[in-house]
Amino acid sequence: MDKLILRFVLWCSRILIRQGVDFERLKIIAETKILMDRRRVYMNWKPKQQKENSNRLTLTLATYSIFGFLIGTMIFTLDSLVLYMIFVHAYILFMMAMTMITDFSSVLLDTTDNQVILPRPVNSKTLFVARLVHILVYLLQFTIALALFPLLFIFIKFGILTGIASIATIVLTVAFAVFITYLLYALILRFSNEQKVNDIVGYFQIFMTVFFAVGFQLVPRLINLDQLSANFQLHWYSYFLPPVWMALTLDALHQFNFDPIHIIMMGCAVIIPAVTFWLMIKYLAPSFARKLAALNNNAPVKKDQPLISQSAKSISQKISGILCRSKTESGSFEMVWKITGRDKSFKMQFYPSLAYILVFIFIFVFKNGKDVQTLWSNLPSTRMFLFFIYMPMFSIAGSMAFITTNDNFQASFIYQSTPVAMPGYLISGALKAILVKFFILIYLVMFAFAAYIWGIAIIDDFIFGFFNNILLFLLITNLSDHYLPFSRQPNAKQQSGKFVKALLQMIIIGALVGLHYLVIQQYWLTACLIPLSIAGCYLLLKKIQQLNWLKISF
2 MDKLILRFVL WCSRILIRQG VDFERLKIIA ETKILMDRRR VYMNWKPKQQ
52 KENSNRLTLT LATYSIFGFL IGTMIFTLDS LVLYMIFVHA YILFMMAMTM
102 ITDFSSVLLD TTDNQVILPR PVNSKTLFVA RLVHILVYLL QFTIALALFP
152 LLFIFIKFGI LTGIASIATI VLTVAFAVFI TYLLYALILR FSNEQKVNDI
202 VGYFQIFMTV FFAVGFQLVP RLINLDQLSA NFQLHWYSYF LPPVWMALTL
252 DALHQFNFDP IHIIMMGCAV IIPAVTFWLM IKYLAPSFAR KLAALNNNAP
302 VKKDQPLISQ SAKSISQKIS GILCRSKTES GSFEMVWKIT GRDKSFKMQF
352 YPSLAYILVF IFIFVFKNGK DVQTLWSNLP STRMFLFFIY MPMFSIAGSM
402 AFITTNDNFQ ASFIYQSTPV AMPGYLISGA LKAILVKFFI LIYLVMFAFA
452 AYIWGIAIID DFIFGFFNNI LLFLLITNLS DHYLPFSRQP NAKQQSGKFV
502 KALLQMIIIG ALVGLHYLVI QQYWLTACLI PLSIAGCYLL LKKIQQLNWL
552 KISF
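Residue numbers (our numbering): 2 to 555.
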């Protein structure tokens with residue numbers, strides 16, 4: 002599809018731009034950029050196995066088309082044209098802005114063309130048009146993927162006139178999304194540098210990953226289709242919402258209703274996106290390019306910083322000094338603590354799993370089909386606080402798979418090159434870092450929330466559950482293959498025999514949670530079981546620490 006779009010855009014550019022552009026070189030540059038797009042790994046697509054010839058861009062576009070199909074099917078559940086069009090245009094506006102911020106940031110922030118291409122016999126105007134063609138091809142690809150099915154359903158249900166008008170409003174929506182993206186980048190560059198922009202984009206990618214992970218589970222459960230079938234009501238803030246402009250414009254054309262409100266909305270739908278897009282082309286984009294070039298050519302020279310006193314220890318060093326018994330364990334603790342705070346790949350995999358804690362609690366606690374207010378009032382009479390006790394561990398336990406892999410896994414040769422007699426301490430240090438950095442904080446939040454609902458009487462259950470969670474964490478580690486921290490390739494092939502181990506883990510977890518359920522409100526029995534749980538944690542931790550090189554997997 003990208004080849005056809007490229008031919009169309011090049012044909013249009015040949016007609017519109019006649020002087021100062023070498024179209025042969027323009028075509029070569031644009032084709033090369035699009036080829037690089039195909040090979041780039043997108044945020045929403047992370048294959049388990051690396052394949053040289055896999056077309057990841059096509060898979061990403063197919064995923065977006067599926068999203069578009071799901072949004073498009075809402076046309077059969079909503080009676081209101083305005084409400085449906087608001088959903089469609091809000092979806093396209095959000096998805097295009099999000100996609101340009103996350104997946105296309107490497108293109109918008111790329112300044113290497115000036116160093117790689119301009120020294121060749123390529124003039125600046127040809128390079129500028131090539132960048133413009135590349136962005137237009139990208140925008141058209143994703144616009145078609147997002148809007149194809151909604152437009153098809155609009156043509157079927159509302160007719161040809163409304164369908165053609167919808168194409169125009171979607172183009173205006175995409176133009177407004179591009180303006181928002183450029184404006185956001187320009188504001189960030191105004192007060193920071195290119196590296197900080199990349200960091201901000203990285204955090205935004207993590208946020209969007211969590212947002213989709215949570216939204217995919219919660220939104221369908223929160224939407225009431227009976228209420229959605231009602232007619233749209235106009236409020237004062239509707240005049241500031243682009244999807245409302247587009248929806249009322251289409252409603253005016255479909256109903257042939259040109260009252261003052263519809264005329265105002267039609268003016269906003271056409272004039273504001275057109276003016277903002279013109280401002281972007283005329284002022285914002287050139288200023289943005291100059292700012293990037295200035296940052297790239299005049300990178301600030303870092304001044305020598307005074308040496309930090311050896312007595313000033315980081316928080317990871319202080320905690321490792323308290324919890325770790327050996328220098329090997331302490332070093333592993335500090336390494337895992339710091340890398341998990343810096344590695345974007347780890348964050349994008351692990352943080353969504355933390356978000357699922359709230360998702361699963363919501364699903365299991367509010368699953369009976371009653372309204373949330375009724376279920377909330379009945380919670381104190383139930384034993385649902387067990388979900389708050391044990392649900393964090395289901396997400397934290399998955400972190401062990403994430404901390405064994407890293408893009409720079411080749412650096413793990415340091416484990417074999419140093420005199421580490423007991424590599425088990427490397428694993429135990431990593432476990433302690435994960436428990437302290439992630440589990441304890443989440444568990445305290447769960448306790449505060451549960452204590453607000455059930456009262457302070459559940460404190461003994463949370464103490465028992467705390468050590469049970471650590472026991473489960475250590476038990477799962479003992480039953481799993483023993484990999485050293487960040488020593489595996491991210492796409493390494495999984496070994497066979499996982500099903501039996503996973504089944505055994507689930508049986509043990511179920512038995513331990515079931516035991517806790519049986520001893521609830523038996524305070525003396527809970528008090529007796531807490532020391533046993535602590536002893537189990539100690540024995541399992543010692544077993545991990547005593548692992549030798551023969552038991553380490555590579």
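No residue lacks a Cβ here, since even glycine has one placed at the ideal position from N, Cα and C.
Out of Phe351, Pro353, Thr383, the CA that lies nearest to the CA of phenylalanine 365 is found in Thr383.
In summary, proline 532 is exposed, with fewer than 16 beta-carbon neighbours lying within 10 Å of its beta-carbon over all protein chains present.
Of the residues Lys339, Ile272, Leu27, the one whose Cα lies closest to the Cα of asparagine 124 is Leu27. Three or more beta-carbon pairs drawn from the segment 71–87 and the segment 243–258 are found closer than 8 Å, and the two stretches are therefore classed as touching.
Contact check for phenylalanine 440 against isoleucine 509 fails: the beta carbons are separated by 7 Å or more.
At a Cβ-Cβ threshold of 7 Å, threonine 405 and tyrosine 352 do not count as neighbours.
Straight-line measurement puts the Cα of valine 10 at about 18 Å from the Cα of isoleucine 171. Taking all protein chains shown into account, alanine 528 has fewer than 16 neighbouring C-beta atoms within 10 Å of its C-beta and is therefore exposed. In the structure shown, threonine 383 falls within a coil segment according to DSSP collapsed to helix, strand and coil.
The alpha carbon of alanine 91 has as its nearest neighbour, out of Ala178, Leu133, Ile161, the alpha carbon of Ala178.
In the displayed model, arginine 121 falls within coil according to three-state DSSP, outside both helix and strand. The bridge partners DSSP lists for arginine 489 are Thr406. Annotation for methionine 97: Val175, Ala178 place their beta carbon closer than 6 Å to its own, counting only its chain and skipping 5 residues before and after. Annotated three-state conformation of serine 327 is coil, per DSSP. Distance from the CA of isoleucine 428 to the CA of phenylalanine 487, rounded to the nearest whole angstrom, comes to 11 Å.
Here phenylalanine 389 really is in contact with alanine 451; their C-beta atoms are around 4 Å apart, less than 8 Å. Using a C-beta cut-off of 8 Å, the segment 327–341 makes contact with the segment 420–438, since at least three inter-stretch Cβ pairs fall below that distance.
If you ignore the 5 residues before and after serine 346, its C-beta comes within less than 8 Å of the C-beta of Asn407, Asp408, Pro491, all in its own chain and listed in chain order. A direct Cα-to-Cα measurement between isoleucine 415 and isoleucine 340 gives close to 16 Å. Here DSSP, grouped into helix, strand and coil, assigns glycine 456 to coil.
Per the C-alpha coordinates, the member of Ala131, Asp482, Phe474, Ala146 positioned closest to isoleucine 535 is Phe474. Contact holds between the segment 140–159 and the segment 67–76, because three or more Cβ pairs, one in each stretch, are under 8 Å apart. Annotation: the continuous alpha helix (DSSP H) that includes threonine 277 extends over 261–280. Between isoleucine 521 and methionine 99, the alpha-carbon positions lie close to 47 Å from each other.
Its chain contains Thr182 as the residues whose beta carbon lies nearer than 6 Å to that of methionine 101, once the 5 sequence neighbours on both sides are disregarded; these appear in chain order. With contacts defined by Cβ atoms closer than 7 Å, alanine 166 and leucine 235 do not form a contacting pair. Closest by C-alpha distance to leucine 540, out of Phe95, Ile471, Ile460, is Ile471. If you draw a straight line from the Cα of leucine 445 to the Cα of phenylalanine 257, it is about 59 Å long. Of the candidates Gly342, Phe386, Asp344, Asn379, the residue whose Cα lies closest to the Cα of phenylalanine 361 is Phe386. Excluding five sequence positions before and after glutamine 318, the CB atoms of its chain that fall closer than 7 Å to its own CB belong to Glu335, given in chain order. Secondary structure note for isoleucine 428: its alpha helix (DSSP H) is the uninterrupted segment 425–435.
Straight-line spacing of the CA atoms in isoleucine 136 and tyrosine 65 works out to 18 Å. Per DSSP, reduced to three states, the secondary structure at histidine 236 is coil, with no helix or strand assignment. Distance check between threonine 33 and each of Gln142, Lys4, Ile273, Asp23 places Lys4 closest, using alpha-carbon atoms only. Arginine 8 and valine 134 have their C-alpha atoms some 10 Å from each other.
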